[in-house]
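Enquirer: This is the structure I have questions about; it appears just below.
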Amino acid sequence: MEEIYLPKVLKECFPNDIAFFSNELEGNDNTELCYGYIRRQNKLCLIEFKDILLNASIKNSTSIDDIKKELDIKFKSNQKGKPKGVTQLASAIKKLEQGYDEIDKGFTSVNNPEIYPIIVYTDNSFGQEGLNAIYRKELNHQLAEFNLKNLIIQDLVFINLNFFEMRSHYFNNNSLDFYDMLDKYLEYIKSSKNRLTNFEVFGRHYTNENNIVDLPEPEVFSKYVLK
75 MEEIYLPKVL KECFPNDIAF FSNELEGNDN TELCYGYIRR QNKLCLIEFK DILLNASIKN
135 STSIDDIKKE LDIKFKSNQK GKPKGVTQLA SAIKKLEQGY DEIDKGFTSV NNPEIYPIIV
195 YTDNSFGQEG LNAIYRKELN HQLAEFNLKN LIIQDLVFIN LNFFEMRSHY FNNNSLDFYD
255 MLDKYLEYIK SSKNRLTNFE VFGRHYTNEN NIVDLPEPEV FSKYVLK
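This is the structure in structure tokens:
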């Protein structure tokens with residue numbers, strides 16, 4: 075799924091944006107910047123994809139330490155110390171801050187570049203309220219070491235792959251503005267009563283508040299998986 079399906083879904087959502095995925099983001103040092111890169115003018119989404127499951131023993135564990143250790147392997151670094159999740163995103167942001175242009179030479183010339191770090195996941199366990207907040211704090215902690223001056227960095231957002239699948243046609247025809255949703259979500263969770271709300275729950279609130287007209291069921295899954 076990681077190598078084939080997700081890029082197709084996101085390109086279906088954002089057909090007019092500059093987009094690169096996986097090995098397209100491999101630089102001269104033979105490492106990938108991150109998993110996904112989607113830019114619309116000065117707004118850039120950097121994406122890490124977690125098409126993985128937490129095993130049952132961890133899901134049912136009563137040990138907070140064991141759960142946190144396993145989550146850190148998924149979202150910080152694996153057993154071999156390889157950057158994962160937020161650590162990979164932090165590394166990508168640092169490179170862009172330093173003028174990295176091996177992939178998208180146009181990015182260095184945009185005014186007020188704004189970066190939205192995103193983790194797309196498939197296991198619903200990763201959508202639990204509060205998990206995004208933990209790794210949002212971790213990413214901010216890592217970024218604080220870089221003394222960033224040239225980029226505007228928004229807070230990390232976890233988003234379920236299914237969210238893009240079910241709204242691909244809304245994004246495709248501009249019924250929904252993804253960046254406006256992100257901005258409104260990040261504003262929404264500043265309130266103490268909303269700070270643990272996940273993006274999918276907010277998405278329902280956003281569509282209701284904005285009176286988004288219902289569209290037919292999307293065909294993205296059947297188009298790419300069931301054909």
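The numbering of the sequence shown is the numbering used here, which starts it at 75 and goes up by one. Glycine included, every Cβ here is placed at the ideal spot set by N, Cα and C. Note that the coordinates shown come from a computational prediction; the quantities given were computed from them, not determined experimentally.
#1: May I have the straight-line CA-CA distance separating leucine 107 from tyrosine 190, to the nearest angstrom?
#2: The beta strand (DSSP E) that contains isoleucine 121, what's its start and end?
#3: Comparing C-alpha positions only, which one of Asn282, Glu86, Ile193, Gly101 sits nearest to tyrosine 231?
#4: May I have the straight-line CA-CA distance separating leucine 120 from arginine 241, to the nearest angstrom?
#5: Between the Cα of glutamate 122 and those of Leu222, Val160, Asn186, spot the shortest distance and give me the residue it belongs to.
#6: What are the boundary residues of the beta strand (DSSP E) that includes glutamate 212?
#7: The beta strand (DSSP E) spanning valine 83 covers which residue range?
#8: Looking at the structure shown, is serine 266 part of a helix, part of a strand, or coil, going by DSSP?
#9: With burial defined as no fewer than 16 other Cβ atoms inside 10 Å of the residue's Cβ, what is the status of alanine 218: buried or exposed?
#10: Could you tell me the alpha carbon to alpha carbon distance between asparagine 224 and asparagine 214, rounded to whole angstroms?
Expert: A quick look at the data gives this:
#1: 15 Å
#2: 117-124
#3: Before going on, a small fix: residue 231 reads as valine here, not tyrosine. Ranking the options by Cα distance to valine 231, first place goes to Ile193.
#4: 19 Å
#5: Val160
#6: Element bounds for glutamate 212: not the beta strand (DSSP E) but the alpha helix (DSSP H), 205-217.
#7: Not the beta strand (DSSP E): valine 83 falls in the alpha helix (DSSP H), residues 79-87.
#8: coil
#9: exposed
#10: 16 Å
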